[in-house]
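Participant:
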Amino acid sequence: MKKNKLITKLFLSCLTLSAGLLLSDDVFATSIETDAQEKIVTEYSQKLVQLKEVKQKFSEQKNEKNNQLSRIEKNIETIQSDLDQLAKLKSITTITETSKSDIDQAATLVSSLSPLAIQEGSISKKKEQLTELKQTQVSLKLDSQSLSKQELEATKQENQLSEKIAQVNKEKVEQVEQVEQIDTRSAVIDAAKTHLGKPYVYGAAGPDAFDCSGLVQVAFASAGRNLGRTTVDQESAGTTISVAEAQAGDLVFWGSQGGTYHVGISTGDGSYIHAPVPGDVVQVATVASYTPDFAVRVL
C-alpha cells in the first residue's frame, strides 16, 4: 500500500481544494435556504397577525349581533304577552253584562300589562311592532350565522398558517443541525489532515505517530466525539452504510463487521485519509486503489 510521497502530496492539494469546495457549497446552499425560510416565517407571521385581527372583529360583531338578538327576543316575548293580555281584556270588555269577577279580572290584566302596552294599547299597533321585531330577529340570526362561518373560516386559515410556520421553523432547525453537522465533518477532516505525513506506528494515537484507529480517535476527539480506540469500537459507533454512500466524515472499514482490521476517514469524493501500515505515513488514498468493505455514518 506504499505510495510515492510526492504523488500523495500533490493529490492532497487537489483533495483539500475539492473537499473544501464540497463542504462550503453545502453550507452556502443551506444559508440561502435559511434566509428564504426566515422570509417565509416573517410573511406568514404578519398574515397570522392580520388574520387574528380580522377574526377578533368577526367575533366582536357576532357578539354584538347576539346581544341585539337577545334584546329583540325579550321585546318579542313582552309584546306577545301584552297581545295575549289585551286580547283577553278585549273579550271581557265587549261583554254586555260584566260581572264583578270579570271587572276584577280585567283590572288584573291591566295591571300586568307593560307601561308601553298601556300607552299604546292598540292591538293592531302591537302586531305591527311584533312583525317588525320578528323580521329584525331573522335578519340578526342570518347575520350572526354568516359571522360564525367567517370566524370559523378565519380559524381554519389561522390553524393552517400556524402549521406552516411550525413546519418552516422545524425545517430551519433541521437546516441549523445540518450546518452544524457539516461543520463537524469539516472539523474532523481538517484535524486528520494536520497529521498527514506522520509515520504509522502500531498502537500509537499521536501526537507524532498513529495507527489507523488511533488517527480516527484523535481526529474525532478534536470535534468533541469519542469513538473508542479500536476499529471494532469505532464500527459500532454509528449506522452501517455502503461505501458508495460515504460522505465526508464517514468512516470506511476493511474486514467483516465485528472483525474489522483497518479504518479510514472518508473525504466524500471517493477518497479517504488513513494511516496504512508500518513503514508508511498518514496519507490520502482512493476507494479505487484500496476498496473498503463497508462504511459507517457516525455524524
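When we follow the working numbering, the leftmost residue of the sequence shown carries the number -16, and every step to the right adds one.
Cβ coordinates follow ideal geometry from the N, Cα and C atoms, glycine included.
Specify, as a first and last residue, the run of the alpha helix (DSSP H) that residue 179 falls within.
Facilitator: Note, residue 179: premise wrong, no alpha helix (DSSP H); not H, not E.
Participant: Going by the DSSP bridge assignment, what does residue 266 pair with across the sheet?
Facilitator: Partner(s): 257.
Participant: Run through DSSP, which three-state label would residue 272 get?
Facilitator: It is coil, neither helix nor strand.
Participant: Could you check where the alpha helix (DSSP H) with residue 197 kicks off and where it finishes?
Facilitator: Segment 195 to 204, the alpha helix (DSSP H) holding residue 197.
Participant: Do the segment 190 to 207 and the segment 144 to 154 make contact, defined as three or more Cβ pairs closer than 8 Å?
Facilitator: The answer is no - the segment 144 to 154 does not touch the segment 190 to 207, with fewer than three Cβ pairs under 8 Å.
Participant: Taking DSSP as the reference, what is the three-state secondary structure of residue 54?
Facilitator: Looking at residue 54 - three-state DSSP - the assignment turns out to be helix.
Participant: For residue 250, is the classification buried or exposed, using 16 other Cβ atoms within 10 angstroms of its Cβ as the cut-off for buried?
Facilitator: Answer is buried; the Cβ neighbour count reaches 16.
Participant: Compute the distance between the beta-carbons of residue 175 and residue 206, then report whether it is under 8 Å.
Facilitator: No, these two residues do not count as a Cβ contact at 8 Å.
Participant: Suppose contacts are defined by Cβ-Cβ distances below 8 Å. Is residue 180 in contact with residue 188 by that definition?
Facilitator: Cβ distance not < 8 Å, so residue 180 and residue 188 don't count as in contact.
Participant: Are the segment 132 to 148 and the segment 53 to 60 touching, with three or more C-beta to C-beta distances below 8 Å?
Facilitator: Too few Cβ pairs lie closer than 8 Å, so no.
Participant: Residue 282 and residue 232 look like a contact to me (Cβ under 8 Å); what is the Cβ gap, rounded to whole Å?
Facilitator: So it is a contact: roughly 5 Å between Cβ atoms.
Participant: Would you check if the distance between the CB atom of residue 69 and the CB atom of residue 109 is smaller than 8 Å?
Facilitator: A contact, by the Cβ cut-off of 8 Å.
Participant: Do residue 127 and residue 52 come within 8 Å of each other at the CB atom, strictly closer than that value?
Facilitator: Yes, the Cβ-Cβ distance between residue 52 and residue 127 is below 8 Å.
Participant: Roughly how many angstroms lie between the CA atoms of residue 28 and residue 272, to the nearest whole one?
Facilitator: So the two alpha carbons sit approximately 54 Å from each other.
Participant: Taking DSSP as the reference, what is the three-state secondary structure of residue 9?
Facilitator: Low local confidence applies: a pLDDT of 49 at residue 9 is under 50, so the model's placement there is unreliable, with the coordinate-based value given in what follows. Helix at residue 9.
Participant: Classify residue 119 as helix, strand or coil using the three-state DSSP reduction.
Facilitator: Residue 119 falls in the helix class under three-state DSSP.
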